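So the sequence shown is residues 128 to 313, counted in the numbering used here. We put the CB at the ideal spot given by N, CA and C, even for glycine. If you're wondering where the values come from, they're calculated on a predicted model, not measured in any experiment. As structure tokens, the structure follows; a few thoughts come after it.
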Amino acid sequence: MTETDKINLIQGLRKQSPKAQQQALDRYGRDVFALVARLVTGTENVEEVYQDVFIKVFRYIDRYNEEKSSLRTWISRIAYNESITYLRHKSEPVVYYEDRNGEAEKLSDAEVDETFGQANAETVQLIRAALKHLPPDERAIVTMFYYEEMSLKEIAFVTESIPTTVASKLSRIRKKLYRIIKMLQS
128 MTETDKINLI QGLRKQSPKA QQQALDRYGR DVFALVARLV TGTENVEEVY
178 QDVFIKVFRY IDRYNEEKSS LRTWISRIAY NESITYLRHK SEPVVYYEDR
228 NGEAEKLSDA EVDETFGQAN AETVQLIRAA LKHLPPDERA IVTMFYYEEM
278 SLKEIAFVTE SIPTTVASKL SRIRKKLYRI IKMLQS
């Protein structure tokens, strides 16, 4: 998408043009659906949150500031916030892995890198299974970094944080995932 196309899309969205709205859905819909689906379970729930995301995008497009982020990152922020809001209001209790003894913190980055560096089918399957044992906010950070390939700066914008905090959280989450994978293997 050229710079002119982006400008035209944003102007069209601000004018509430159905054509621009459809272009936004075509351009960003798949990424938003994937992000929401990695955080929210159940197809109907994902679809509900997905719709809420784009309703907000179309309603609040005037609040978008291209100097602060790309349109993709701004939409991801809305998707993240809508997903977390949905999960907070969900009535089902969920149990997540908790590292009570601080074992994950004691791991070296080399040990963790060795596990995540082996991108074979078994490792990918284990990582996907382990992700389900993380709280939604941690799962979101991993998803944005590895699946959406967002930079630390973009993730910081989405999560309303700072890049160094995101990097620190990502390091802790990777160690936690490592422990969960080891637990699942035993």
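Beta-carbon proximity check, residue i vs residue j, cutoff 8 Å
i, j, result
"Val293", "Ile254", "no"
"Asn172", "Tyr207", "no"
"Val285", "Arg204", "yes"
"Leu261", "Lys302", "no"
"Asp158", "Glu275", "yes"
"Val176", "Glu209", "yes"
"Arg141", "Asp179", "no"
"Ala147", "Gly139", "yes"
"Pro290", "Leu297", "no"
"Ile308", "Ala248", "no"
"Leu162", "Gln150", "no"
Host alpha helix (DSSP H) of residue i (start-end)
i, result
"Lys195", "Taken as a continuous stretch (DSSP letters only), Lys195 belongs to no alpha helix (DSSP H), as it is neither H nor E."
"Pro145", "Pro145 to Leu166"
"Ile268", "Pro263 to Val269"
"Ile254", "Ala248 to Leu258"
"Gly139", "Glu130 to Arg141"
"Phe181", "Thr170 to Arg186"
"Phe284", "Leu279 to Thr286"
"Ile308", "Pro290 to Gln312"
For residue j and residue i, believed in contact at Cβ under 8 Å, the rounded distance
i, j, result
"Ile202", "Val184", "6 Å"
"Arg165", "Thr250", "In fact, because the Cβ distance is near 18 Å, the residues do not count as touching under 8 Å."
beta-carbon residue i near the ligand FAD non-hydrogen atom, thresh 7 Å
i, result
"Ile289", "Among the ligands in the structure shown, none appear at all, so the ligand FAD cannot be discussed."
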